[in-house]
Structure formats: C-alpha cells, structure tokens
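This report refers to the structure that appears directly beneath it.
Residue numbers (full-length UniProt numbering), protein chains in the order written: chain A, 1 to 788; chain B, 1 to 293.
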C-alpha cells in the first residue's frame, strides 16, 4: 500500500496514517530508558549462573566498598521486610531475590544501586556467592519421576514438581466417539519454548517521595492499572499514593504483562535510598529471565469417518511452566484459552487433559501474542487435521471445507463450552484460495514433484477467542476484566479520550481517535488519546490477548454515544425542536425535513460550556465516562495459505508466498490491521523456522542472545498477500473483533503444514518446529526428533 | 544495554605507534578495528582488556586493494564493504563478492575489516575460508620487521593466530594465476547468521583440464580448513559431476564438525559435500562464462 492510499482523512473508520508515527520515525518517542530525573541512581541485578543450587553464602563487602555504590541488597535483606517473595499473576509465589535456592539460570540473587550504570554493573562482579549445586530438572518429561529433585521446597509439604492438573470437555463422550470412528490419527506435537523478544527490554524508574509518601513508577507495562493495584497489595503502599506511568513501549507481545522482580527491586531501592532509581535489563537478561511462551508437549488425537467427517479431538498436554507459575491468564483459566482447541470445526465431542509441571527454567508461559494459549490450541488442531488429511489421502482444503462450521450454526457453543459469537468461514477460505490460485499451485506442485523438486502448500484455518472478558468468568487476581473510558469535549469542539489500555505499537492513538470520531463526528486529528498513566486514566486491565478493541474499543464507542446523546438534548434546545425531531448526520444534528436547520458538534460543545441557556435540568459540559463489561469474547477467524520451496540439497526452507485472509469483523483502520497482520505473520515464520529457547542438560539457557535466539528479518519473509472478509461481532457496539494476535496464532501451522507437505515424497506426516535446515534434513533422513 | 568493564582507550596514529603500544602494554591490550566481534564480547564480559588500541585511523594506510601482475595485496584495514564493491576482486576472485554478500549485514560490513576477521579466528568465519581457498599469505609486522605466514600456519586453533603479542597483521596477499575462477556458498539459519557450514572453491583450467583446485570449508573444525586431498584428486582431470561428487565425499569425511544449535554433525558433513560440489561447479561455470564473454 502506498502512503497516499493510506493517508486519507476519514472522520471515523478508514485508512489513515498513524497519529503517533511522526514522533517514532523522528526518534522522538519517549521510552522508559529516556526518563532522566535529578539525582537518579542506577540498579543492576546479579543473576544466578546455574539452574539449581542452594545458596550457601553471599558476601557483598567488596561490592559495598566500591566507589559510587550506594546499596547492595540480597534476598535476606528483603526477607526482613517481608518482600523476598511476591505473588505471581497465577496465585503462585516467585522470589524477588533468591533466599534459599536459585531455581533457574538467570534468577535474581542480589542487586546493586550505584551512581551510574557502569558502576552498578561492575560492582556485581565483586559480589561473592557460594552455591551448592543441585541436580537440575531440565527435561519436562521426567519432572514427575519419583526420584526427580523437588524444585519448590519453599512450598509447604511439596514433595514433587507437580504444578496443576486441568481438564475440559467430556472424556466419556469423547471415548465413545473414538471407539466407533473409522479412522483415528494420533501424533505427538511439540510447541517449543519461544520468547517474545521485544525490541525494548523491560525496565522501570521508581521515584518515591519521602515527604508526601507518593511513589511514581515509570515502567514497561502493558497493564498499568493492574500493576498499581498489585503493588498496593504487595508492598502495602496506599493505592492513591502510587502512580504508574507506562510511557512509549517498544513492543510487548505479552512480555510486559507480568510484574518482574526488577520492578520491585527498583521500588525498594528508591524507598531505601530516597532517590529515583532506574533499572533497565539488558538483552540477555530479557531473553533468559522474562516471560517465555508456549512449551507445550501435546499428544493430539483425531477421530473421523472414512469420508473425512471429523468426529472428535482429544489431547493430552504436558506443560512446562518453569520454576514458578508465572502465567498471566484469567484465574479460572490456568491453561489460558487452550480450550478452543476444537478449532473451527463441527465436532461431536472433545476432551483435553493437561498436567503442568515445574522445571528449572525461567517462569512465564503466556506471552508472544498467543491470545492466552490459543496459539498452542490452533497449532494442535491445524496440525492434527493435516495429519488426518495425510492418512485419508485427502486434500487439506477439501477436508477443512467439509468440516467448517456453517454460518447458521452461530452463535455456536463448542464441545468445550466456548460460545463463538459469529462466523462465516467458507467464504474466508475460498477468498484465500482465490488469492493464492490454489488449484494452479497444486498443479505446479505435481509437476515439480515429478522433477524431484520440493514444493509445499500449507493451509491453516483458525478461530480466535479474544477480548477478555466478561466479569462473571474472568479476572486476574480478583480484578475484573472490564475497562473504563472517559471522553471530554472541550468548548471549541476538540476532544480528549482517556483509556485504560496501553499501546505497545498497535496504534491506539489513531484507532481510538477514529472510533470516537465515527460516533461523534469530530475529526481524529482533533481527538487526543491519553493512556498509560494511572493518575490520568480510568481503571482497566490493559492491553494483551487482543483485548483493546473488543473491550476498550467498545467502551470508547459507547462513551462517545453517551456524549452524543447529551449533545442531542443540547441541540434540541438550540434548534428549538424536540429531540425526536433531530437526525444525526455525522458531525451535526439536523431538524428532520429541514436540513438547512442544523448545529454541528462543535457548536454544541461551545453551547455546553457557554453562557447561553441549556435545556431544563441539564448540567453544563460535554463529557461522559463508562465502564464496559463485555458480554462475551469476540471470535475473529482467518484462512492462511503458505507456499514454500525446499532446496533438496541443503534442506533450506524458503517461504515463497503467504496469503492471509482475516475476518476481524468491522475494520476500523485497514492500514493498521494490515500492519498488525504483517508483524504477526513474521512472528509465525520465525517460530516455524528458527526460534527456540533451548537448554542444555545442566539447565543452561541456549538462547541468551540474539545471536543464539534467532528472530526473522525481512529477508526470511515474502511480500505478504492479505485479504479480508467481514463478519461483524453481534455483541460489540461497532461489530469489531480483536486482530492483534490473529496472524501470530494462525501462521505457524500454515508454515509447518507447507514444509510437511513439501516433504510428502519422503513419507513425512509430521515435523516439529523450529524447522531449521538441519532439522528438515534430519527429517528427510527419517531421523526427526522432538525439540526437547 | 550491556556495558563492558572499565578499560583505557587510545587511538594509534601509525602502525609503528600501534606496535609500540602493544609492546609496552603486553597482553592487557588489544587492537580494535571494526569492533564487531570484540566489542560484543566485552559487553558480554567474555573478554576484558585493560587497554584498547583503536587502529581505525590506520585505514588510510592499510585500507587498499592493489592488483599486481603476480598477486593482489589487500590491506588489513580494508572494510568488508570495500571488498564487496571492488571491481578488481570481482574480476579475479568472484568468491569475495559471494562471501561478502552473506557476511552479517550492511552495518557490520561498513565497519568490519579483513584483518579483524582473520585475527578473530572464529572457526565459522567466512573470510578465513575465502583466504584458505585462495591460498593467501599473511604479512605480520612487529618491532623487528615483517614476516609472511601462510594461511595454514596463521590459524592455530579456535580464536588463536600466529600474530604475537607485539605484532599486527597488516596485509593479506593472494597469488594470481590465469585461467581460474572461484565461488563461495554458505548455509545459514537466517540472513546474517554465522555459517552452519560454508565452502569456498577456486579452480584453474588449462585446455579443459583442471590444472589446480582448492577447497576451503568453514564451521566444520577448529579452523577453516583447506583440503589437499581434493586438490590432488582434481588436478589433471576434466571437470565432471562424478568428479565433484568424489571431491564432495572427501570433504564430508575430512572435516570435523560437531553437533550444536546450528546443526547436527551428520547434516554438516552432508553440507560439506553438497557445498563443495556446488562451488566447484560454479567456479567451472564462471570460467566458461568468462571465455564466452
């Protein structure tokens, strides 16, 4: 898309360039590390070099004696204040600084506060820690063995590494269906541990004012309000004395949802020293210690008739949660929204059982644009459906077309209890086939196979469940997932909208201005979007799980309608007609049958704040606020087709084409949607082909730098071919659904399915990510091994 | 941001100045050229030096590609980008452009140098494989004067070279022979990554018969390795697929790869064979193309 096409000036929805981009492209973004305060000190964290060890002793004498060092703090010192442990977002606890044991490589052991970043880092080298090395639990498959060392000795009475069990669906009904099915296909499918690796690492600047007792915390958080409340609960600071500011964020992808020990350390350091304290982690710290994603070992089973009617899906999952359960998901959903593993198909039964375990690895689990584990769910179902197609000798598109839910089935309640709000799936898949030229691609493939060339065509069809969520079902540590929104129209007709969600690059300053503009007819350029500051925005749960448009987007539309309703009453007074005699024509109220008699929203704004009369009983001003509680999630869907070529001599995979047709309901700014999709597709190619956080047998992280943890560049991805269909959400005020994570969720199976399809001549039905040249070559030799 | 430990820094104004500083400071000092290997190692605190001697100001003296009748001389401070863009190298040694196109990214190529690449002595380093393939020799200068060392003798193991404490590499020389061409192929997991395996080949034809040929491999042993057995096999033969297949077999069995995150040992041996065949084939094709032109 050229800039000109995108640079329209819609008073509402439509293509327009992003309002926030001038400051980003000119290097004028203001990130956490740009915050400079008078007298600010710098904090550096000493991390464990080993995965599992008892701390025998820590000697900080030499570090404390270093010039410029102001404080050296260990877990023992924090324990005296009751701050050595903090709750995770999953009702587990995590060490802020290790006291008894270290439980993963990279775990926080001590911190230094010094006058500059170099001195703080240098002082870390002088802290002498004696470790008594313990056997680490690295292989998740043996974590529950009777002789496995117990990691969580901090938990009373804990005698194993079991974290939780979880199940969904109907086990008995599923068993019955499997018994009578013509065809049953079973495959072990691993979604390896990956990392969101945002360009900006995590960090914070804590500034505690001893006089008025107020803590101001700039931090890299996707959920400033939730963090404020949790700090109040953990540290005992009164909530009105905590201000969390989330400035410009250089990418989040769920990596910036949890509260990390570093944030707490910065707060403690500022309280102890009475000075502002900055902590910014470096690249390696981000990769080895902050929220990872996936790490699910899944056994997938699918039952079908000989003709290809899918009857049931069953799965057993072993989930590696690392040393602490740091998953960020609604409380009732310990496996996130993995329950949507039934996908986009009309099944008779489904069942999932899951066991989660502790290992000596970094905590996390829900991150990397996963929509609370739907990434894993979609990968499982789209891979196992392809395995079924392989066994039946059916074209994977034909098999999907035969089983997709029909439009008349919506709202559809899945066999695991999810209520899909709306969907019209077949046209979306047909559109992807049309753009790709599917039949022609299959003909080309047949010719190439005759010549010994390896070309693969991969298809995936996904249904997402985003926009958490209804208060009755969903909360994070007791905080309901409803979002506030405030809209204030100034006398001259300019406006400010205040949001609880926080952009990390998604373009909220544009999208939300457009949502409000569509409703009240004030141009987006005249609407300022304020977010990321708890003192200046209403309460809400933040941006992750593609929830901003489904939840806060609805709130913004509804608050604008509330303002419009008030404007209508003021207009009726100005025009001396009853409210029923007014028509809303975007931006103005007209007298019915007399278009010449009208007042604009700007006229009304001035009257609302002016000296003239207002209708009887009406207060002045033109503003409103709302707290929106969604009645359901929104269920976007999409059809993706990937074409790959594999060099038979080197096994290098080249993604030649990628077609992505997304249906996210009403499209607010198509350019921003396309940008989100492009980013997510790039993520998907990265995970499918190269990304993985691996460990050696001692529990050393093998992905601790961007030289070792590979993320794709423009050279690994094709020119994306995007398309769309529109099936509005019936319950969202403007019919919009979330889209931020659709492409990350939907693309990995398309790429893997394409690679496996290319390897069909070798009799390959399945291969696990990451499909590096070496792993593809091993697969071609019949030596495929899971990436664990 | 990763920060290195404390160090002192001085800019050298001449080769003699740099060598004098090295002589005085000993192994507490290190030369920094492009810095794209050394500085990340220092930031990760894998390397800690008390002194850095910056030789970037010596680019004026040591940044050159000079073609002479019998050889091409390249100054140690010649940047990757200059190697990539050199018309003289394109004509005589197309292997350089092949390799440079897949070395890191433009930002690195703008600063990184030939000398820095060779002195880093990373077993996966591309230019080392190129120099091995082209039978280069290295000119090392110390306070007592200069000496010339072959590539075989220059690298003494991973990250170890023949350059002494108070010496520096100043020039690399490439013998020129008529009737030849060369090529380089690399398999990487992602653009800009280190090689999983890479191979260079240089080959000379006289009357349709191979008068000499050399193959150099990277990332399959402690250093980039030339394979004399392949040269012996190819000399005096007419180029053919069968012959290159045999050369590939020799490459696969003479290398010493290890399984790591970049790939399995078996795959690397396979690549050694495959890339040896491909580069030999390409070098022959290029000789043919040049003859036609």
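All C-beta atoms, glycine included, are put in the ideal place defined by N, C-alpha and C.
For clarity, every value in this text was computed on a predicted model and none was experimentally measured.
Reduced DSSP category for residue i - H, G, I as helix; E, B as strand; rest coil
i	result
residue 132 (chain B)	helix
residue 305 (chain A)	coil
residue 294 (chain A)	strand
residue 834 (chain A)	One cannot answer for residue 834 (chain A) here, as it falls past the ends of chain A, which runs 1 to 788.
residue 162 (chain A)	strand
residue 790 (chain A)	For residue 790 (chain A) there is no data in the structure shown, the boundaries of chain A being 1 and 788.
residue 845 (chain A)	Here chain A covers residues 1 to 788 and nothing more, so residue 845 (chain A) does not appear.
residue 162 (chain B)	coil
residue 765 (chain A)	coil
residue 229 (chain B)	helix
residue 421 (chain A)	coil
residue 192 (chain A)	strand
residue 261 (chain A)	helix
residue 289 (chain A)	helix
residue 477 (chain A)	coil
residue 788 (chain A)	coil
Bridge partners - residue i, DSSP secondary structure assignment
i	result
residue 7 (chain B)	The partner list for residue 7 (chain B) (beta bridge, DSSP) is empty, contrary to what the question assumes.
residue 48 (chain A)	Per DSSP, none; premise fails for residue 48 (chain A).
residue 411 (chain A)	For residue 411 (chain A), which the question treats as bridged, DSSP gives no partner whatsoever.
residue 243 (chain A)	A:216
residue 101 (chain A)	A:54
residue 460 (chain A)	A:640
residue 454 (chain A)	A:646
residue 310 (chain A)	A:304
residue 775 (chain A)	Answer is none; residue 775 (chain A) lacks a bridge partner.
residue 789 (chain A)	Nothing can be reported for residue 789 (chain A), as the shown portion of chain A is limited to 1 through 788.
N-terminal and C-terminal residue of the beta strand (DSSP E) that residue i is part of
i	result
residue 731 (chain A)	Premise fails: residue 731 (chain A) is in no beta strand (DSSP E) and is neither H nor E.
residue 200 (chain B)	197-206
residue 744 (chain A)	Where residue 744 (chain A) is concerned, there is no enclosing beta strand (DSSP E), although the alpha helix (DSSP H) it sits in stretches over 742-758.
residue 87 (chain A)	85-87
residue 327 (chain A)	First-last for residue 327 (chain A): undefined, no H or E at that position.
residue 572 (chain A)	Note, residue 572 (chain A): premise wrong, no beta strand (DSSP E); alpha helix (DSSP H) at 554-575.
residue 294 (chain B)	No answer is possible for residue 294 (chain B): the residues shown for chain B start at 1 and end at 293.
residue 253 (chain A)	Premise fails: residue 253 (chain A) is in no beta strand (DSSP E) and is neither H nor E.
residue 170 (chain B)	167-175
Beta-carbon neighbours of residue i, restricted to chain D and to distances below 8 Å
i	result
residue 199 (chain B)	As a matter of chain content, chain D is missing from the structure shown, whose protein chains are A and B.
Whole-angstrom C-beta distance between residue j and residue i, which should lie under 8 Å
i	j	result
residue 177 (chain A)	residue 349 (chain A)	5 Å
residue 187 (chain A)	residue 678 (chain A)	Actually they do not touch by this definition, with Cβ atoms about 31 Å apart.
residue 30 (chain A)	residue 248 (chain A)	5 Å
residue 84 (chain B)	residue 97 (chain B)	6 Å
Boundaries (first-last residue) of the alpha helix (DSSP H) holding residue i
i	result
residue 152 (chain B)	151-154
residue 54 (chain B)	Run containing residue 54 (chain B): none in the alpha helix (DSSP H); it sits in the beta strand (DSSP E), 51-54.
residue 687 (chain A)	670-689
residue 60 (chain B)	59-62
residue 180 (chain A)	171-180
residue 273 (chain B)	265-292
residue 244 (chain B)	241-254
residue 66 (chain A)	Run containing residue 66 (chain A): none; DSSP gives neither H nor E here.
Inset, instruction - Name, going along the chain, the residues of the segment 634-663 of chain A whose beta-carbon falls closer than 8 Å to a beta-carbon of chain B. - result: So the close ones are 649, 650, 651, 652.
Inset, instruction - Please name the residues in the segment 66-89 of chain A whose beta-carbon is closer than 8 Å to at least one beta-carbon of chain B, in chain order. - result: Sequence-ordered contacts of the segment 66-89 of chain A with chain B are nonexistent [C-beta pairs closer than 8 Å].
Legend entry - Members of the segment 103-128 of chain B near chain A, C-beta cut-off 9 Å: Those would be 105, in chain order.
Legend entry - Residues within the segment 287-308 of chain A neighbouring chain B, beta-carbon criterion of under 9 Å: From the segment 287-308 of chain A, no residue has a Cβ closer than 9 Å to chain B.
Legend entry - Against chain B: residues of the segment 712-724 of chain A by CB proximity under 8 Å: Answer set for the segment 712-724 of chain A: 712, 713, 715, 716.
Legend entry - Contact residues within the segment 268-290 of chain B, judged by C-beta distance below 7 Å to chain A: With the criterion set as a beta carbon lying under 7 Å from some beta carbon of chain A, the members of the segment 268-290 of chain B are 270, 271, 274, in sequence order.
Inset, instruction - Output, in sequence order along the chain, the residues in the segment 244-263 of chain B whose CB is closer than 8 Å to any CB in chain A. - result: Listed by position, the residues of the segment 244-263 of chain B near chain A (Cβ gap below 8 Å) are 261, 262, 263.
Inset, instruction - Identify each residue in the segment 685-710 of chain A for which the Cβ-Cβ distance to at least one residue of chain B is less than 7 Å, and report them in chain order. - result: Result list: 690, 694, 702, 708, 710.
Inset, instruction - Name, going along the chain, the residues of the segment 121-141 of chain A whose beta-carbon falls closer than 7 Å to a beta-carbon of chain B. - result: Cβ contacts with chain B: 121, 122.
Legend entry - Chain-ordered residues of the segment 266-286 of chain A with a beta carbon less than 8 Å from chain B: Under the 8 Å Cβ criterion, the segment 266-286 of chain A contributes 280, 282, 283, 284.
Inset, instruction - Taking a Cβ distance cut-off of 7 Å, strictly less, list which residues of the segment 771-787 of chain A are near chain B, in chain order. - result: Those residues of the segment 771-787 of chain A that come within reach of chain B (Cβ to Cβ, closer than 7 Å) are 772, 773, 774, 777, 778.
Legend entry - Near-chain A residues of the segment 27-43 of chain B (beta-carbon distance less than 9 Å), N- to C-terminal order: If you check each beta-carbon in the segment 27-43 of chain B against every beta-carbon of chain A, the ones closer than 9 Å belong to 40, 43.
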